[in-house]
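J.: Below are the structure tokens for one structure; questions will follow.
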């Protein structure tokens with residue numbers, strides 16, 4: 187017997203600016219890998235590189251472009267839904283993941299912001315439950331909505347815990 191998720195209400199989506207945050211991080215990573223694999227060959231060949239020696243840099247550039255495309259596709263899949271008893275978080279393109287976090291089980295609701303996120307005015311909302319492996323994050327939220335959701339979640343979780 188298959189049970190369907192009771193998903194009533196409107197899913198909230200993260201900002202598409204988060205795709206740029208992910209893209210910048212991916213491009214920097216692939217640039218470091220491409221340069222790190224190509225520069226040592228300059229010393230081996232005394233600056234007169236054969237054509238094949240550029241393959242690591244070209245491969246890294248291609249993978250960076252693919253990473254940018256996937257960052258935009260992945261960003262569209264991240265969202266959350268506030269339900270009566272829990273918060274439902276979804277993500278994933280190929281392998282979809284839905285996590286329901288009961289309000290009464292939330293222990294810590296934290297907002298983080300890295301340097302690239304700060305440039306785009308985004309924050310990540312993270313919450314932890316009693317289970318050690320249940321750190322759930324909603325990245326790419328505009329600053330005001332992240333703080334509003336955090337305050338709402340804290341208020342609801344406090345009222346639910348008081349009833350235990």
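Numbering (my numbering), first residue to last: 187 to 350. Glycine is no exception: its CB is placed at the ideal position from the N, C-alpha and C atoms.
(1) Under 8 Å, do residue 323 and residue 310 count as touching if we go by C-beta distance?
(2) Taking the beta strand (DSSP E) that residue 323 belongs to, which residues open and close that run?
(3) Would you tell me roughly how many angstroms separate the C-alpha atoms of residue 203 and residue 213, rounded to the nearest one?
(4) So the beta strand (DSSP E) residue 267 belongs to, where does it begin and stop?
(5) Can you pull the DSSP bridge partners for residue 288?
(6) Near residue 316, what residues of its chain come up, given a Cβ to Cβ distance below 7 Å and the 5 sequence neighbours on each side ignored?
(7) Anyone know if the C-beta pair for residue 313 and residue 280 falls short of 8 Å?
(8) Rounded to whole angstroms, how far is the Cβ of residue 261 from the Cβ of residue 205, which I believe are closer than 8 Å?
(9) Hey, how far is the Cα of residue 328 from the Cα of residue 230?
(10) Tell whether a beta-carbon distance below 8 Å holds between residue 266 and residue 275.
(11) Is residue 302 helix, strand or coil by DSSP?
(12) Would you kindly work out how many angstroms separate the C-alpha atoms of residue 240 and residue 219, rounded to a whole number?
(13) Based on the DSSP output, what are the partners of residue 293 in its beta bridges?
(14) Cα separation between residue 223 and residue 210?
(15) Report the CB separation of residue 250 from residue 228 in whole angstroms; it is logged as a contact under 8 Å.
T.: According to the structure data:
(1) yes
(2) 322–328
(3) 16 Å
(4) 265–268
(5) 272
(6) 291 and 293
(7) no
(8) 4 Å
(9) 48 Å
(10) yes
(11) helix
(12) 13 Å
(13) DSSP lists no partner for residue 293.
(14) 20 Å
(15) Actually they are not in contact, since the Cβ atoms of residue 250 and residue 228 sit about 21 Å apart, beyond 8 Å.
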